[in-house]
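K.L.:
With our numbering, the residue at position 25 of the sequence shown is 25, and numbering never jumps. Every residue gets a Cβ at the ideal spot worked out from N, C-alpha and C, and that includes glycine.
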Amino acid sequence: MNNQPISQGEEIALRIDDTNLNHHLWDNNGTWWIHYTVYPTPVTAERIRHSLKTKNVLQARDRRDRILGELLSHAGKLAA
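(1) Does the Cβ of L72 have 16 or more other Cβ atoms within 10 Å, making it buried, or fewer, making it exposed?
(2) Quick check on DSSP: helix, strand or coil for I113?
(3) Give the DSSP-derived three-state secondary structure of V43 in the structure shown.
(4) Three or more C-beta pairs under 8 angstroms: does that hold for the segment 14 to 21 against the segment 41 to 53?
(5) Looking only at its chain, what residues have a beta carbon closer than 8 angstroms to the beta carbon of D65, apart from the 5 residues adjacent to it on each side?
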């Protein structure tokens, strides 16, 4: 699993559903994880998953928002 931020030239796919407060999150046996997809090349996709190391959904949302904000600030471009 690649735990590095996205590289120059990679695209990130973020489809945020405003009706789902837990977008990009999932509860794995009580611990919250974030997941998203990057495209290192136009023909490959890589799913990224990180443990947020919390059992608290509010804390998980805050950590997710910080991670996604950082990704977007470093992203080469968003996938269509």
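P.N.:
So, from the data block:
(1) Against the sequence shown, residue 72 aligns to sequence position 72. Classification for L72: exposed.
(2) Outside the shown range of the chain (1 to 80) lies residue 113, about which nothing can therefore be said.
(3) Locating residue 43 in the sequence shown gives position 43, counting from the first residue. Reduced to three states, the DSSP call for V43 is coil.
(4) The segment 14 to 21 makes no contact with the segment 41 to 53, as fewer than three CB pairs between them are under 8 angstroms.
(5) Looking up residue 65 in the sequence shown gives position 65. So the list is empty, once near-sequence residues are dropped.
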